[in-house]
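J.: Would you mind keeping the following structure in view while I ask a few things?
Chains as they are written, first to last, in our numbering: chain A, 923 to 1223; chain B, 923 to 1223.
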């Protein structure tokens, strides 16, 4: 099962009672954090999943409200006894930005592994069984949407295994996804598995205008977490100028992308009661939820 | 009157329910912030003094728990409509460190004015009537203690004014501290004022071992805010190794410095209930208070 927690729901600045937007995902003992604004380590501590298991931190972009919490997070990881390298992912200039802000967090007891993303369409990285897709969006500076995908293999297919002459002793490991050689012959999982089944897909995008391509990127996701900077449609021009989204635009995107569920987040500091405006989005896409700090969901196959 | 608020009391990392140690002072419409760790802008918002009036941010040193909140603070100041330059003070490498961490806070609508302190003994800066003294302490990297002083002029002395032949029409302005020329002669405030009276003095030091000289620096202060990283005397070796202080050491310093009142702060994250250990300090210096987030005091002449 894939556990998802929206650590905060604020945009621009952390507020008393509202953390900045960040997402944490946990699957099979692996943890991925997406964005790390000022204070993100605090709700993460409240959540109680621990810090040590974080494998990677993915940044959408390098505005302070999405990355300023990194130096403190790295020190807290260090204090938690971490020694394993930590992967940092993000759009171009990753290493330059990180080296700049970590001048105040020297002497970490673990290495940083920089995985800069090109910002081109459809780039993917893998951490064990977690696939991290990234996709360029339309903000005031290079910015990425992320999609976390867990694939689900097909069922064991006895006929297929027999057809390929796979020895029975290899079945179990092939079924788990391992390829193996036996007596000079290579056996691969597809020789014993039926068609791939529907997996799990969680998409996250903040700080962007809606785009046609984005609707494709998030297609059929189980959970789509999307910025809703402004609730009223009257703020369209502001949303265009600042390259953010309205509630209604996030809802249209969710509908277009045929997602299962939409969580709104990254609210403007002026938007103190997002629930009161939820109807603006739910009238377009009914399964819309106004994200709240520390909102958690478990997705299963 | 000088208002003082201890925004947070944590050391090392911000915790759920405990902000990092930082101090804000307000006098005659001027505001000084000392240290700005991750999240400091949040209790400052709760405090309700506003952001726009901050004239200067003084840093004790450049460990993340004392400075990582700066990029977010600068953006929030920008969003509050600030256009006036902001003064940043701190030990050597000030500009280099600030330029590093503000890579994520570009395009501010106001200028930064760097006032690097040498770290030598007894250096002072003035912002209007607020005098900011700094003093080197003993931590793992260059670190400063700060003392905020408001001087109080002597009373108006009629005899003295007459003795110096000061025309009556100049009395009021001279009494307010202005020097003036009249008919080719210079008149100065000391010509109408008696001896300087006791002013106000607030001292703040974190991240240091106690030193003899520090006792002199804080001498006779009305309020001494001092780190108390560890409560138990058994942690002396740890305090020495990490260059921090015990509760008892802070109390000894307060006693030696003959201060009016001691607030402990910068608690280790492991020290969850500092009040329970207060006796360790108050048995040495009775007027010791276990600092709490957003603890406020108003000092008057």
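Cβ coordinates follow ideal geometry from the N, Cα and C atoms, glycine included. No experiment lies behind these values; they were computed from the predicted model shown.
1) Under 8 Å: do the stretch 1113–1122 of chain A and the stretch 1074–1086 of chain A share three or more Cβ pairs, one atom per stretch?
2) CB residue 1029 of chain B to CB residue 1009 of chain B, shorter than 8 Å?
3) From what residue to what residue does the beta strand (DSSP E) around residue 1134 of chain A run?
4) Whose C-beta lies closer than 6 Å to the C-beta of residue 1213 of chain B among residues of the same chain, with five residues either side of it excluded?
5) Give a yes or no on contact between the stretch 974–993 of chain B and the stretch 955–964 of chain B, applying the rule of three or more CB pairs nearer than 8 Å.
6) Give me, in chain order, the residues of the same chain whose beta-carbon lies closer than 6 Å to that of residue 1017 of chain A; leave out the 5 immediate sequence neighbours on both sides.
7) I'd like to know whether the C-beta of residue 1174 of chain B is nearer than 8 Å to at least one C-beta of chain A.
8) When DSSP labels each residue in this structure, what does residue 1087 of chain B get in the three-state scheme?
9) For the stretch 924–937 of chain B, enumerate the residues whose C-beta is nearer than 9 Å to any C-beta of chain A, in chain order.
10) Please name the residues in the stretch 961–980 of chain A whose beta-carbon is closer than 7 Å to at least one beta-carbon of chain B, in chain order.
11) Between residue 1153 of chain B and residue 1169 of chain B, is the Cβ-Cβ spacing less than 8 Å?
12) Quick one, which of A:1171, A:1020, A:935 has its alpha-carbon nearest residue 998 of chain B's?
13) Are the C-beta of residue 944 of chain B and some C-beta of chain A separated by less than 8 Å?
14) Near residue 991 of chain B, what residues of its chain come up, given a Cβ to Cβ distance below 7 Å and the 5 sequence neighbours on each side ignored?
15) Which residues of chain B have a Cβ atom closer than 7 Å to the Cβ of residue 989 of chain A, listed in chain order?
16) Between residue 1179 of chain B and residue 1211 of chain B, which are expected to be in contact by the criterion C-beta below 8 Å, what is the C-beta distance as a whole number of angstroms?
17) I'd like to know if residue 984 of chain A contacts chain B, where contact means its C-beta is closer than 8 Å to some C-beta of that chain.
18) Shortest alpha-carbon distance to residue 1042 of chain B belongs to which of B:1031, B:1067, B:1033?
19) Count the other CB atoms within 10 Å of the CB of residue 1201 of chain B; is the residue buried (16 or more) or exposed (fewer)?
20) Whole angstroms is fine: what's the gap from residue 1057 of chain A's alpha carbon to residue 1044 of chain A's?
21) Taking residue 1176 of chain A as the reference, give the member of A:1137, A:1197, A:1155 with the closest Cα.
22) For residue 1017 of chain B, report the span of its beta strand (DSSP E) as first-last.
23) Let me know if residue 1052 of chain A comes out buried or exposed under the rule of 16 or more other beta-carbons within 10 Å of its beta-carbon.
24) Have a look at residue 925 of chain A and residue 1146 of chain A and give me their C-alpha separation to the nearest angstrom.
25) Whole angstroms is fine: what's the gap from residue 994 of chain A's alpha carbon to residue 1092 of chain B's?
26) Is there at least one Cβ from chain A nearer than 8 Å to residue 1023 of chain B's Cβ?
27) Go ahead and pull the three-state DSSP assignment for residue 1026 of chain A.
28) Rounding to the nearest angstrom, what Cα-Cα distance links residue 1205 of chain B and residue 967 of chain A in this structure?
29) List, in chain order, every chain A residue whose beta-carbon is nearer than 7 Å to that of residue 998 of chain B.
30) My output table needs one value for residue 874 of chain B: the three-state DSSP class, helix, strand or coil.
31) Verify the CB distance criterion: does residue 1019 of chain A have a CB-CB separation below 8 Å to chain B?
32) Could you tell me whether the Cβ of residue 1076 of chain B comes closer than 8 Å to any Cβ of chain A?
33) Looking only at C-alpha atoms, which of B:938, B:955, B:939, B:940 sits nearest to residue 946 of chain B?
34) Would you mind reading off the limits of the alpha helix (DSSP H) that contains residue 1204 of chain B?
35) Please report the distance separating the alpha-carbon of residue 1207 of chain B from that of residue 1172 of chain B.
36) Within this structure, are the beta carbons of residue 953 of chain B and residue 977 of chain B separated by less than 8 Å?
T.: Short version:
1) Remark: three or more beta-carbon pairs, one from each stretch, lie closer than 8 Å, so the stretch 1113–1122 of chain A and the stretch 1074–1086 of chain A are flagged as touching.
2) Judged by their CB atoms, residue 1029 of chain B and residue 1009 of chain B are not nearer to each other than the 8 Å cut-off.
3) Annotation for residue 1134 of chain A: no beta strand (DSSP E) segment contains it, though the alpha helix (DSSP H) segment containing it runs 1134–1139.
4) So the list reads 928, 931, 1185, 1186, 1187, once near-sequence residues are dropped.
5) Verdict: yes, contact present.
6) Answer for residue 1017 of chain A: 1036, listed in chain order.
7) No, no contact with chain A.
8) In the structure shown, residue 1087 of chain B adopts coil according to DSSP, grouped into three states.
9) Within the stretch 924–937 of chain B, the residues whose Cβ lies closer than 9 Å to some Cβ of chain A are 934, 935, 936, 937, listed in chain order.
10) Taking 7 Å as the Cβ-Cβ cut-off, the stretch 961–980 of chain A approaches chain B at 961, 963, 964, 967, 968, given in chain order.
11) Yes, Cβ-Cβ distance for residue 1153 of chain B and residue 1169 of chain B is below 8 Å.
12) Closest by alpha carbon: A:935.
13) For residue 944 of chain B, the closest Cβ of chain A is not nearer than 8 Å.
14) Apart from sequence neighbours up to five positions away, the residues of its chain that approach residue 991 of chain B with a beta-carbon distance below 7 Å are 958, 959, 960, 961, 962, 963, ordered along the chain.
15) Per Cβ cutoff of 7 Å: 1026.
16) Actually they do not touch by this definition, with Cβ atoms about 16 Å apart.
17) Residue 984 of chain A counts as touching chain B.
18) When each option's Cα is compared against that of residue 1042 of chain B, the closest is B:1067.
19) Its Cβ having fewer than 16 others within 10 Å, residue 1201 of chain B is exposed.
20) For residue 1057 of chain A and residue 1044 of chain A, the distance between alpha carbons rounds to 6 Å.
21) Residue 1176 of chain A has its Cα closest to that of A:1137, out of A:1137, A:1197, A:1155.
22) No beta strand (DSSP E) contains residue 1017 of chain B, which is instead part of the alpha helix (DSSP H) from 1016–1023.
23) Buried, because 16 or more other Cβ atoms sit within 10 Å of the Cβ of residue 1052 of chain A.
24) Taking the straight line from one Cα to the other gives about 14 Å.
25) In a straight line, the C-alpha of residue 994 of chain A is about 56 Å away from that of residue 1092 of chain B.
26) Taking 8 Å as the threshold, the shortest C-beta distance from residue 1023 of chain B to chain A falls below it.
27) Taken through DSSP and simplified to helix, strand or coil, residue 1026 of chain A comes out as helix.
28) Roughly 35 Å separates the two Cα atoms.
29) Residues of chain A with a Cβ closer than 7 Å to the Cβ of residue 998 of chain B are, in chain order, 935.
30) Outside the displayed span of chain B (923 to 1223) sits residue 874 of chain B, for which this structure offers no information.
31) Output row for residue 1019 of chain A: interface = yes.
32) Answer no: the Cβ-Cβ gap between residue 1076 of chain B and chain A never drops below 8 Å.
33) It is B:955.
34) If you look at residue 1204 of chain B, you'll find it in the alpha helix (DSSP H) that goes 1200–1204.
35) Going by the C-alpha atoms only, they are around 9 Å apart.
36) Yes, they are a contact pair.
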